[in-house]
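Residue numbers for the sequence shown follow the working numbering, so the first one is -10 and each next one is one higher.
Following: one structure in structure tokens, then a few remarks.
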Amino acid sequence: MKTKFLLPPTFKYVGWLFFTLGLAMGIAFVAGWDEPQFLQAIVPDIFNQNTLGSSTPAEQAKGLKWIENNLSDELTLSFILVGVMLLMLAREKQEDELIMRLRLESILWAAIVNALLVFASTWLVYDMAYFMVMEIAMFLFYLLFVIRFNWVLWRFNHLSHEE
């Protein structure tokens, strides 16, 4: 079966590598690991006080600023996001109509669960903790899909071999 938008199955291994690396970095930073100094860089700051909260047209005209920032958190989130995207888009070795149906049902399930979690978080989590929850929600949809799709696929294969 010809599938659009899906990557070859080998991308699943690359996805697990990126996801694991990003998750390990995220856990290390939450545990108090210092940001590596070699990741300090000068980066564009598009949304800053001059563009978002400025009161005068002269301040708004300044627009783009360059700031010094450590890229460790950006790399961490990028590794996690790229990893789960590769896991989500990697084709199965035997991709057929049933697999596509399981994939579609898993996407729908992940969208509903993610929306419910974001909705609940909006009403139950506040301040910087809410910002952290939204960072997690950025890739949670993809992760929920990967978990559910692989679980349903494993269960289907396991039950069909028992009969």
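Every residue, glycine too, gets a C-beta built ideally from N, C-alpha and C.
Anticipated Cβ contact below 8 Å, residue i with residue j, distance rounded
| i | j | result |
| --- | --- | --- |
| L78 | L(-5) | 6 Å |
| T65 | M14 | 4 Å |
| G75 | F0 | Residue identity differs from the one stated: residue 75 is Leu in this sequence, not Gly. Indeed they touch by this definition, with Cβ atoms about 5 Å apart. |
| E63 | I31 | In fact, because the Cβ distance is near 14 Å, the residues do not count as touching under 8 Å. |
| V141 | L91 | 5 Å |
Delimiting residues of the beta strand (DSSP E) encompassing residue i
| i | result |
| --- | --- |
| D85 | First-last for D85: undefined, no H or E at that position. |
| V32 | 29 to 34 |
| K54 | 54 to 59 |
Counted within 10 angstroms of its Cβ, other Cβ atoms place residue i as buried (16 or more) or exposed
| i | result |
| --- | --- |
| V19 | exposed |
| Y131 | buried |
| A99 | buried |
| L133 | buried |
| G72 | buried |
| G21 | exposed |
| I35 | exposed |
| I101 | exposed |
| D88 | Checking the sequence, you will find Ile at residue 88 rather than Asp. Per the 10 Å Cβ criterion, buried. |
Spatial neighbours of residue i in its chain, beta-carbon cut-off 8 Å, leaving aside the 5 residues before and after
| i | result |
| --- | --- |
| S61 | M14, F18, E24, P25, L28 |
| K82 | P(-2) |
| N103 | A126, L129, F130, L133 |
| W55 | I31, V32, P33, D34 |
Endpoints, alpha helix (DSSP H) assigned at residue i
| i | result |
| --- | --- |
| F0 | 0 to 19 |
Contacts around residue i, its chain only, beta-carbon distance under 7 Å, and the 5 residues preceding and following it disregarded
| i | result |
| --- | --- |
| R137 | S95, W98, A99 |
| V3 | L75 |
| N59 | E24, L28, Q29 |
Close Cβ partners of residue i (< 6 Å) along its chain, the five nearest in sequence each way excluded
| i | result |
| --- | --- |
| F68 | F7, L10, G11 |
| L70 | F128 |
Worksheet item: Fully enclosed by the stretch 86 to 133, which alpha helix (DSSP H) runs are 4 residues long or longer?
Response: 86 to 113
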